[in-house]
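K.L.:
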Amino acid sequence: QLFEKLISIFNDMISQIQYFPSIESFGICCSSSRTMALVALPMLIQPAKNKKHVNAVKLFKSRGDQDFFTCVEYSPSAERLVTGGTDGLLRVWFPHKNTCCERVLTGHMKPITHIMFNDEDKQHVSLSEDMNVPIGKYLGRGTDNGVVTVWDVLSGQATMQFKVTLDQHVGLTAVSFDESQHRLITISQDGKVRLWNFNSGTELAVLPVTVSRQVTGVICINNRMFVAGRKSKTIFDLDMEGHDHRFLEHDHLDDITSLDVRENTLPPPAMEISLSGMPTLPKFYIGLMPVRILEQSWRINML
768 QLFEKLISIF NDMISQIQYF PSIESFGICC SSSRTMALVA LPMLIQPAKN
818 KKHVNAVKLF KSRGDQDFFT CVEYSPSAER LVTGGTDGLL RVWFPHKNTC
868 CERVLTGHMK PITHIMFNDE DKQHVSLSED MNVPIGKYLG RGTDNGVVTV
918 WDVLSGQATM QFKVTLDQHV GLTAVSFDES QHRLITISQD GKVRLWNFNS
968 GTELAVLPVT VSRQVTGVIC INNRMFVAGR KSKTIFDLDM EGHDHRFLEH
1018 DHLDDITSLD VRENTLPPPA MEISLSGMPT LPKFYIGLMP VRILEQSWRI
1068 NML
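Quick look at the structure:
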């Protein structure tokens, strides 16, 4: 049975939900980019176990006229949060300290839209509205014509560069890693989905589909890729190893502003899907994937 819990955090539309398994918390950003919430899932679902009365929701707030929180990611190895701002800056935070950031990282000229962490290589990838794609130990950078440069921030040296769009006038709308952390996934403004060897920069495949031009979520599970976008009632369910491509529909889906998946402690393939499709409230959908939720709640259509 599908479980749903609504939590009121912002008086604004949710722009991102990101789950961080190592700290069992959600990072949630709102469309104003003024505030970010770190929501501790166990204390939220089972408040009786919160014997120390620790706040389940910790708010991080911007200062002055700057908007710090367009997106957020967590680095388990460094035990730090990394947030992107409208000023093009990446800020590094301790999860338990919401009063000020630890450091500020540069590399973008326009607001940052996405941040993704590569656990294997201990690198972050970030994407901005100018289509720069920074990658590095904490970040790196790329160019508006789809060239990705890998940077080692500790040394300040560029270690690799490769082009991820064939047309110099076509930029990127989303970047992600697959489950192995070896392949970089890029979605360009023309809706094309490409897979790349992250270590060599070699293009591995172009999936024979065209997805939304405004992608808001890319999730990889069991060699399948789920892609969601704004102003869309469907989620693309793409086969990364073959040609079994589908799209999913749900009666309660309307405008998807964010998408994430959390594996839980139930036997495989149990996991939890988080969708932000409401103007002010994030939704936590809990159930068994892919069979039970898909059979009971979703309509599956072949592409």
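For the sequence shown, the numbering used here begins at 768 and goes up steadily by one.
Glycine is no exception: its CB is placed at the ideal position from the N, C-alpha and C atoms.
What first and last residue would you give for the beta strand (DSSP E) that runs through Val839?
P.N.:
Position 72 of the sequence shown holds residue 839. Cys838 to Ser842 is the span of the beta strand (DSSP E), which, as asked, contains Val839.
K.L.:
When you compare each of Val859, Val806 and Met992 to Arg870 by their alpha carbons, which one comes out closest?
P.N.:
Counted from its first residue, the sequence shown places residue 870 at position 103. Here the closest residue by C-alpha is Val859.
K.L.:
In whole angstroms, what separates the C-alpha of Phe827 from that of Ala845?
P.N.:
As a first step, residue 827 must be located in the sequence shown, where it is residue number 60. As a first step, residue 845 must be located in the sequence shown, where it is residue number 78. Near 19 Å, if we compare the C-alpha coordinates of Ala845 and Phe827.
K.L.:
How big is the Cα-Cα spacing for Gly851 and His881?
P.N.:
Position 84 of the sequence shown, counted from the first residue, corresponds to residue 851. Position 114 of the sequence shown, counted from the first residue, corresponds to residue 881. Gly851 and His881: Cα-Cα distance of roughly 8 Å.
K.L.:
Terminal residues of the continuous beta strand (DSSP E) containing Gly851?
P.N.:
Taking the sequence shown and counting its residues from 1, one reaches residue 851 at position 84. Counted as a single uninterrupted DSSP element, the beta strand (DSSP E) harbouring Gly851 occupies residues Arg847 to Gly851.
K.L.:
Is it buried or exposed for Arg961, if we count other Cβ within 10 angstroms and need 16 for buried?
P.N.:
Against the sequence shown, residue 961 aligns to sequence position 194. Counting Cβ neighbours within 10 Å, Arg961 comes out buried, since at least 16 surround it.
K.L.:
Look up Val985 in the DSSP assignment and give the residues it is bridged to.
P.N.:
The residue given as residue 985 occupies position 218 in the sequence shown. Per DSSP, Val994.
K.L.:
Check Ser829 in the structure and name its three-state DSSP category.
P.N.:
Against the sequence shown, residue 829 aligns to sequence position 62. Looking at Ser829 - three-state DSSP - the assignment turns out to be coil, as it is neither helix nor strand.
K.L.:
Verify whether the separation of the beta carbon atoms of Asp1004 and Arg1013 is less than 7 Å.
P.N.:
Here residue 1004 is taken as the residue at index 237 of the sequence shown, counted from 1. Here residue 1013 is taken as the residue at index 246 of the sequence shown, counted from 1. Yes.
K.L.:
Among residues of its own chain, excluding the 5 on either side of Lys825, which ones have a beta-carbon nearer than 6 Å to its beta-carbon?
P.N.:
As a position in the sequence shown, residue 825 is number 58, starting the count at 1. If we look at Lys825 and ignore the five residues flanking it on each side, its Cβ neighbours are Leu805 and Asn865.
K.L.:
Assign Ile790 to one of three DSSP states: helix, strand, or coil.
P.N.:
Here residue 790 is taken as the residue at index 23 of the sequence shown, counted from 1. Here Ile790 sits in helix by DSSP.
K.L.:
Rounded to the nearest angstrom, what separates Arg847 and Phe836 at their Cα positions?
P.N.:
Indexing the sequence shown from 1 puts residue 847 at position 80. Indexing the sequence shown from 1 puts residue 836 at position 69. Distance between the alpha carbons of Arg847 and Phe836 is about 15 Å.
K.L.:
Can you name the residues that DSSP bridges to Val976?
P.N.:
To locate residue 976, count along the sequence shown from 1; it is residue 209. Its beta-bridge partners do not exist; DSSP assigns none.
K.L.:
Excluding the 5 residues flanking Asn1068 on each side, which residues of the same chain have their C-beta closer than 7 Å to its C-beta?
P.N.:
In the sequence shown, residue 1068 corresponds to position 301, counting from 1. Once the five neighbours on either side are set aside, the close Cβ partners of Asn1068 are Arg1013, Phe1014 and Glu1016.
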